[in-house]
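Heads up, the sequence shown is in this note's numbering, so the first residue is 103 and it goes up one at a time. No residue lacks a Cβ here, since even glycine has one placed at the ideal position from N, Cα and C.
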Amino acid sequence: MPKIKTHRGAAKRFNLTKSGRIKRAKAYKRHILTEKSTKRKRALRQTDYIAACEARKVRELIPYK
103 MPKIKTHRGA
113 AKRFNLTKSG
123 RIKRAKAYKR
133 HILTEKSTKR
143 KRALRQTDYI
153 AACEARKVRE
163 LIPYK
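In structure tokens, the structure reads:
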């Protein structure tokens, strides 16, 4: 069997933790930041985890990470 190609877009967006969970950055922090509260922007800096139902799909995209 040939090796599976890594989806480069997914590889740049997701990281695996040692426990096997998939980390991701939060959305809505790119533009129109003046209208968002400081508290909201601070919360958006934190990393989050992929939902369990989506994890299998993402893991197939990044098999060697």
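- Per the DSSP secondary-structure output, LEU118 pairs in a beta bridge with ILE124.
- Around the Cβ of ILE134, a 10 Å sphere holds fewer than 16 other Cβ atoms; the residue is exposed.
- Look at THR136 here: in three-state DSSP terms it is helix.
- In terms of Cβ geometry, PHE116 and ILE106 do not form a close pair [threshold 8 Å].
- Secondary structure note for THR108: it is in no beta strand (DSSP E), with a DSSP letter that is neither H nor E.
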